[in-house]
Amino acid sequence: MADKIPRQKMPQQDPTKRVYNFNEVPLGYDEKTAVLEATRCLQCKRPTCVDGCPVNINIPGFIKALKEGNPLEAFFIIKQTNTLPAVCGRVCPQEDQCEKLCVLAKKGEPVAIGNLERYVADYEREKEHYPFQKVKAEKGKKVAIIGSGPAGLTAAGDLARMGYSVTVFEALHKAGGVLVYGIPEFRLPKDIVQYEVDALKAMGVTIELSRVVGTAETVNDLLSSGFDAVFVATGAGLPLFLDIPGENLQGVYSANEYLTRSNLMKAYRFPEYDTPIVKGDRVAVVGGGNVAMDSARTALRLGSKEVYIIYRRSKKEMPARIEEVERAEEEGVIFKLLTNPVRFIGDEKGRVEAVECIQMELGEPDASGRRSPIPVKGSEFIIDIDVAIIAIGNGPNPLIPKTTPGLDTTKRGNIVADPETMKTSKRGVFAGGDIVTGAATVIQAMGAGKKAAKAIDEYLLTGVW
Amino acid sequence: MYAIIQNTKISENVGKVVIEAPYIAQHRKAGQFVIIIVDEVGERIPLTIADADKEKGSITLYYQIVGTSTHKLSLKKEGEQLYNVAGPLGHPTDIRNYGTAVCVGGGIGIAAVYPIAVAMKEAGNYCINIIGARNKDLLILEQELKAKSDQIIVTTDDGSYGIKGFVTDELKKILDSRKVDIVVAVGPVPMMKAVSELTRTYNVKTLVSLNSIMVDGTGMCGGCRVTVDGKKQFTCVDGPEFDAHLVDFDELMKRLNTYKDQEKESFEKHICQLEKYHGR
């Protein structure tokens, strides 16, 4: 009986060892475990798991192929609708998506769909290295995509497969957006991202690195220089700060900066790599999301002795994935919950040396539905620190909205786009991912990229806006 | 991708590099900058675009050799490649006919002030340019700037060339003797601060181009944040130019010291490696 086999656990690096390296934490299934886990799938006639997948992977289909000993076929099935399987298998919150809707979830142990997806993608990359065919741009139309994060790459893959000539403009010197600058190596090895990017290039997608749209050429310039449609996928690239005293002291970072230094610029290998990063024995990370966990775990690996997560609500309200919180705890991150920073204190040279915090208690639910934190009078206390990392979220990058006349934005500066077609207020311009929704997940951005590709195809075929 | 057309040492610690970068050459405006990465392990370093040749598709940058990255850059030869050049970045200078413009450049900042002075002149301003450096060897672009100035004044701290003294001394003389409509100052932070304090007393609008520590240069990391009029501003996308009278220079100076120890460590390792490889 398939449902008698327990959900197969994925082996991980021992927490006491992994805090000293940047290697990936979960180690992946071996073939036997993967096939065993695949046999747990009930192959439902009406697979609800697919409803939970923003890119509609044929989940029972790929699991069946895997179970029958055809991992490469399984890979092709996934790749039909998902441009980045090795990425999704690692960073998707499956517990809130496909696995949540798995029939077996009712009994508490859904099929480990994410782990299987990762196995299949890793199998192809490590064992088969399947050469991708160039797709002919037979539609004779050109699409520009701004941003090479998950939304941009997904749209690029889909549009190339449909026969469009696709150019992706990326501001940084490496493609991948948040996948390369934000998510640490120990969660998503960068050569995996590069492999997926290379697959797109092999299909015929052009990637223009170090091209910032908005500072010289604008969206209008792209439209008038031969692009038939533009997809804006510039992400949530504007770090939010606490706006409390001392936030500009040396050693106070936005999570974006801290992670970009470590991930994109490889400051964790300084001085082999030239980019420095402030290391300290005591590090405070402010925030309770995945980015906060990534920052805290990076700080540990950079040699910090005590790393705190300072979060103003309780653990229950933390937006981070449970799995990420658990891993941070296993590794020794100290959680200071119901705590809010009030000010940073510096030494005579302007380096941060402490953070003053205040205790919070939970009041009535706020607009987000979470109970809002209220400061407890007179409960201030001080934590000595050498580094502080502000991980309280990101706003939309204003560069494109500011330089594109006729593009409507919300009060917060997000681009207004139709949730189904990703059409903006400006003809020929589509937008999706974090620049529209505000900071969300990799897979949600990919879902937006997919919808945008479909809508762009329709627009370019019919000319109807 | 980004071939070096020419790379010359102007003096012991100052270099001039001409890079093939047609897109940037085509689009850049005065006041904008690029971010370069010298090699695969290099950092992203912001440098102001001093000049560009649209026809040849090249840009010219000046750099002071202060650490690993700039030293590596100085070793690059004609025909070799840079790993990356991104730009143009930042807001262009607000060039208008103000009337009389005084552009003040200090040390390597002269390279940043040069394109602004040229554009100010082309816009019809009466252009007085003051350039200064610690000594003669650190002075750059004097002849080029002379050709574009209505008046040029050169100072050195040690008197090895031009007038002995600081650029602010000369600026004060001008402010005392005539009406000035705008001052643009680029140079070391203490110099920009001194210029700012001086022009404040004369109530003359003053722009400074800031050299904060930067990573991405597109507004994504916030590392280059400065306090302007009590608010956080990002040098890369809100600047690099700001109203000098509103900038918190002391904070900027402290932030610029963030990596002092690591820069030293990195440079020592770099020199040690060079010696190993070249037997030097």
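First to last, the sequence lines map onto chains A and B.
Going by our numbering, the first residue of the first sequence is number 814, and it counts up by one from there.
Going by our numbering, the first residue of the second sequence is number 294, and it counts up by one from there.
Idealized CB from N, CA, C, for every residue including glycine.
Computed from a predicted model, the values in this text were never measured in an experiment.
Enclosing alpha helix (DSSP H) for T1223/A [first to last residue] = Run containing T1223/A: none; DSSP gives neither H nor E here.
Proximity test, Cβ basis, 9 angstroms: G1102/A and chain B | Not an interface residue.
Using a Cβ-Cβ distance under 9 angstroms, would A379/B count as near chain A?
-> yes
Buried versus exposed, by CB contacts within 10 Å (16 or more), F776/A | With chain A running from 814 to 1278 in the structure shown, residue 776/A is simply not present.
Run through DSSP, which three-state label would F1054/A get?
-> coil
Can you name, in chain order, every residue of its own chain whose Cβ lies under 6 angstroms from the Cβ of T301/B, other than the five neighbours on each side?
-> K309
Below 6 angstroms CB to CB, which residues in the same chain sit around I328/B once its five sequence neighbours on both sides are set aside?
-> Cβ within range, chain order: R337, P339, A379, G510.
Pick from R321/B, Q299/B, D332/B: whose alpha carbon is nearest that of R1024/A?
-> R321/B
Beta-carbon separation of I872/A and C911/A under 9 angstroms?
-> yes
Which term fits G523/B, buried or exposed, when burial requires 16 or more other beta carbons within 10 angstroms of its beta carbon?
-> exposed
Flag P1211/A as yes if its beta-carbon sits less than 9 angstroms from any beta-carbon of chain B, otherwise no.
-> Residue-level contact check: P1211/A touches chain B, since one or more beta carbons of chain B fall below 9 angstroms from its beta carbon.
Taking the alpha carbon of D1197/A as the point to measure from, which residue in E941/A, R1125/A, R1164/A, R903/A has its own alpha carbon closest?
-> R1164/A
Excluding the 5 residues preceding and the 5 following N1033/A in the sequence, name in chain order all residues of the same chain whose CB lies nearer than 8 angstroms to its CB.
-> T1217, P1218
Residue-level contact to chain A via CB, N504/B, 9 angstroms cutoff | no
Neighbour list for V530/B in chain A, Cβ cutoff strictly below 7 angstroms | L1212
Rank K466/B, A487/B, L545/B by C-alpha distance to the C-alpha of C517/B and give the top, closest one.
-> C517/B has its Cα closest to that of L545/B, out of K466/B, A487/B, L545/B.
Could you check which residue in I1158/A, A1266/A, L1113/A has the C-alpha nearest to that of T829/A?
-> Nearest option by C-alpha distance: L1113/A.
Leaving aside the five residues before and after A815/A along the sequence, list all residues of the same chain whose C-beta is less than 7 angstroms from its C-beta, in chain order.
-> Low local confidence applies: a pLDDT of 49 at A815/A is under 50, so the model's placement there is unreliable, with the coordinate-based value given in what follows. T852, R853, L855.
Kindly indicate if chain B contains any beta-carbon less than 9 angstroms away from that of L1220/A.
-> no
Within 9 angstroms (strictly less), CB to CB, does M814/A reach chain B?
-> A caution first: M814/A carries a pLDDT of 48, below 50, which makes its placement in the model too unreliable to give a value.
If Y943/A and P884/A are in contact, beta carbons under 8 angstroms, what's the gap, nearest whole angstrom?
-> Between P884/A and Y943/A the Cβ distance is about 11 angstroms, and since that is not below 8 angstroms, they are no contact.
Would you kindly report the start and end of the unbroken alpha helix (DSSP H) that includes C911/A?
-> 911-914
Short CB-CB distance (under 9 angstroms) between V1025/A and chain B | yes
M1259/A by DSSP, collapsed to three states: which one?
-> helix
Below-9 angstroms beta-carbon distance, P1154/A vs any chain B residue = no
Checking contacts by CB at 9 angstroms: is D536/B closer than that to chain A?
-> no
CB contact check: C514/B to chain A, cutoff 9 angstroms = yes
Could you work out which residue in Y355/B, A412/B, G350/B is closest to I342/B when comparing CA atoms only?
-> Y355/B
Backbone secondary structure at N1033/A - three-state DSSP = Looking at N1033/A - three-state DSSP - the assignment turns out to be helix.
Where the beta strand (DSSP E) through Y1008/A begins and ends = Per DSSP, Y1008/A belongs to no beta strand (DSSP E); it is in the alpha helix (DSSP H), 1003-1016.
Contacting residues, own chain, Cβ-Cβ under 6 angstroms from I424/B (five flanking each side not counted) = G398, I403, V447
Using a Cβ-Cβ cut-off of 6 angstroms (strictly less than) and excluding sequence neighbours within five positions of G1241/A, which residues of its own chain qualify?
-> The residues are L1036, A1042.
What residues in the stretch 1065-1077 of chain A bring their beta carbon closer than 7 angstroms to a beta carbon of chain B?
-> Under the 7 angstroms Cβ criterion, the stretch 1065-1077 of chain A contributes S1067, N1069, E1070, T1073, R1074.
With contact counted as at least three CB pairs below 8 angstroms, one residue from each stretch, are the stretch 1230-1249 of chain A and the stretch 1041-1056 of chain A in contact?
-> yes
Could you tell me which of L434/B, V479/B, L438/B sits nearest to I303/B, measuring between CA atoms?
-> L434/B
Out of curiosity, what's the CA-to-CA distance linking G1120/A and S442/B?
-> Just to set this straight, residue 1120/A is Val in the shown sequence, not Gly. Looking at the two C-alpha atoms, the distance is approximately 56 angstroms.
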